[in-house]
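Everything on this sheet refers to the single structure shown next.
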Amino acid sequence: MNPWLPQKKQWSTIFRWAVSQSSYSGEWRDPLDIPRVTNDGASFAVRENSASVTWVGHSTFVVHDDDDIFLTDPQFNTRALIPKRHHPPGVPISSIPGSAFAVVSHNHYDHLDAYTVETLPDSVTWFVPMGLADWFRKKGRKGVVELNWWQTAQHGRWKVTCVPVQHWSQRIEQGQNSTLWCGWVISSGERTYYFGGDTGYFHGFTEVGKRFGPIDVAMIPIGAYEPRWIMRYSHLNPREAYQAFLDLKARWMVPCHWGTFDLTDEPIDEPPRELRRVVEAAGGSFDPIRVMAIGERWEIPETSLGPILGQSKTSSEQVSN
Numbered sequence: 042m043n044p045w046l047p048q049k050k051q052w053s054t055i056f057r058w059a060v061s062q063s064s065y066s067g068e069w070r071d072p073l074d075i076p077r078v079t080n081d082g083a084s085f086a087v088r089e090n091s092a093s094v095t096w097v098g099h100s101t102f103v104v105h106d107d108d109d110i111f112l113t114d115p116q117f118n119t120r121a122l123i124p125k126r127h128h129p130p131g132v133p134i135s136s137i138p139g140s141a142f143a144v145v146s147h148n149h150y151d152h153l154d155a156y157t158v159e160t161l162p163d164s165v166t167w168f169v170p171m172g173l174a175d176w177f178r179k180k181g182r183k184g185v186v187e188l189n190w191w192q193t194a195q196h197g198r199w200k201v202t203c204v205p206v207q208h209w210s211q212r213i214e215q216g217q218n219s220t221l222w223c224g225w226v227i228s229s230g231e232r233t234y235y236f237g238g239d240t241g242y243f244h245g246f247t248e249v250g251k252r253f254g255p256i257d258v259a260m261i262p263i264g265a266y267e268p269r270w271i272m273r274y275s276h277l278n279p280r281e282a283y284q285a286f287l288d289l290k291a292r293w294m295v296p297c298h299w300g301t302f303d304l305t306d307e308p309i310d311e312p313p314r315e316l317r318r319v320v321e322a323a324g325g326s327f328d329p330i331r332v333m334a335i336g337e338r339w340e341i342p343e344t345s346l347g348p349i350l351g352q353s354k355t356s357s358e359q360v361s362n
């Protein structure tokens with residue numbers, strides 16, 4: 042079920058992009074303006090009295106909430122098939138405990154990495170969109186939960202819900218759009234997290250906010266958006282990412298999908314600067330937006346700086362884990 046028809050990626054479209062003149066020629070800087078802090082991941086072995094988010098890079102976060110740890114789109118490899126990683130992962134992959142669980146948004150190589158899946162502990166539980174479970178099982182992973190949009194699985198005290206986004210899927214061993222793409226809402230009843238994966242702008246953000254608000258932390262992609270004629274259907278630009286944050290009515294926005302892999306025409310360190318510019322131009326406040334350094338651990342404040350919440354929740358289809 043997919044009411045939002047994705048843009049079909051034809052080889053002619055890719056060729057047109059490859060030979061087109063980028064408006065960013067000559068704007069690359071060395072070194073890139075991407076902050077980084079040293080983090081050995083030792084805190085993951087200690088019980089949290091609250092909750093924290095650590096940015097590994099790109100779309101990979103480690104959320105540590107009381108005794109529980111979950112990851113988003115784990116990618117610890119030096120490459121995403123072809124694009125080379127500009128900075129090492131913010132924490133070592135060996136710091137991730139076997140009790141963790143992970144959500145995967147889709148099968149593109151910068152979001153789903155074979156080395157990472159095979160290196161993380163066997164006991165990690167994986168939540169994946171429809172069509173991806175077989176890929177994980179072929180990698181020897183047994184703890185795999187496959188969900189369709191709006192389906193929910195229970196994992197300990199967490200409700201893990203697969204939600205719609207506007208994107209597409211393809212891998213060498215999997216045909217175009219043969220597996221689903223999604224975002225995730227992960228809620229304990231005390232705190233609710235949203236992870237957007239990869240997505241273009243669409244009306245589904247408002248629906249997710251209505252169903253699952255109040256959302257405490259929204260991890261929203263802001264990079265890989267130029268040129269717009271090819272990227273607008275599948276990647277938010279900073280202006281659209283800010284609108285998605287407003288639509289979700291979340292307390293905090295944590296930007297991702299920037300600063301790690303060179304995927305599109307804009308400089309990989311541009312998205313946060315452009316995000317600040319569009320927020321200020323809109324008369325908004327940047328205070329509830331947390332742009333993180335690679336490796337940074339951010340303890341989530343108890344108070345909110347984000348939009349007023351209070352949308353009513355509706356139930357989604359339940360799937361036993």
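Numbering (the numbering used here), first residue to last: 42 to 362.
Every residue, glycine too, gets a C-beta built ideally from N, C-alpha and C.
Give a yes or no on whether the C-beta atoms belonging to residue i and residue j are separated by under 7 Å.
i, j, result
"residue 257", "residue 240", "no"
"residue 25", "residue 263", "Nothing about residue 25 can be reported from this structure: the residues present for the chain run from 42 to 362 only."
"residue 369", "residue 85", "Within the shown structure, residues of the chain are numbered from 42 to 362, placing residue 369 beyond reach of any answer."
"residue 223", "residue 170", "yes"
"residue 112", "residue 143", "yes"
"residue 114", "residue 145", "yes"
"residue 168", "residue 201", "yes"
"residue 322", "residue 286", "no"
"residue 141", "residue 110", "yes"
Please classify residue i: is it buried, with 16 or more other beta-carbons within 10 angstroms of its beta-carbon, or exposed?
i, result
"residue 192", "buried"
"residue 207", "buried"
"residue 132", "buried"
"residue 79", "exposed"
"residue 121", "buried"
"residue 330", "buried"
"residue 182", "buried"
"residue 74", "exposed"
"residue 154", "buried"
"residue 198", "exposed"
"residue 151", "buried"
What did DSSP end up calling residue i once you bin it into helix, strand or coil?
i, result
"residue 251", "helix"
"residue 390", "Residue 390 cannot be examined here, being either before or after the span of the chain that is shown, 42 to 362."
"residue 84", "helix"
"residue 277", "coil"
"residue 267", "coil"
"residue 160", "helix"
"residue 117", "coil"
"residue 216", "coil"
"residue 123", "coil"
"residue 342", "coil"
"residue 314", "helix"
"residue 188", "strand"
Could you compute how far the alpha carbon of residue i sits from the alpha carbon of residue j?
i, j, result
"residue 243", "residue 328", "25 Å"
"residue 270", "residue 306", "12 Å"
"residue 318", "residue 340", "26 Å"
"residue 69", "residue 278", "The predicted position of residue 69 is uncertain, since its pLDDT is 48 and thus under 50; a value taken from the coordinates is nonetheless stated next. Near 19 Å, if we compare the C-alpha coordinates of residue 278 and residue 69."
"residue 129", "residue 119", "7 Å"
"residue 187", "residue 107", "26 Å"
"residue 228", "residue 315", "30 Å"
"residue 342", "residue 237", "21 Å"
"residue 324", "residue 268", "26 Å"
"residue 299", "residue 230", "30 Å"
"residue 178", "residue 338", "32 Å"
"residue 302", "residue 88", "32 Å"
"residue 123", "residue 235", "29 Å"
Quick check on this structure: which residue in the options has the alpha carbon closest to the alpha carbon of residue i?
i, options, result
"residue 100", "248, 107, 215, 148", "148"
"residue 266", "211, 129, 274", "274"
"residue 157", "170, 171, 180, 173", "180"
"residue 276", "261, 287, 116", "261"
"residue 196", "189, 123, 205, 184", "184"
"residue 211", "110, 219, 280", "219"
"residue 139", "310, 303, 162", "162"
"residue 189", "182, 199, 198, 203", "203"
"residue 310", "255, 332, 252", "332"
"residue 92", "98, 104, 254", "104"
Quick one: does the C-beta of residue i sit closer than 6 Å to a heavy atom of the ligand PLP?
i, result
"residue 326", "Absent from the structure shown: the ligand PLP. Ligands present: none."
Within 7 Å of any Cβ in chain D, is that where the Cβ of residue i sits?
i, result
"residue 124", "In the structure shown, chain D does not exist; there is a single protein chain."
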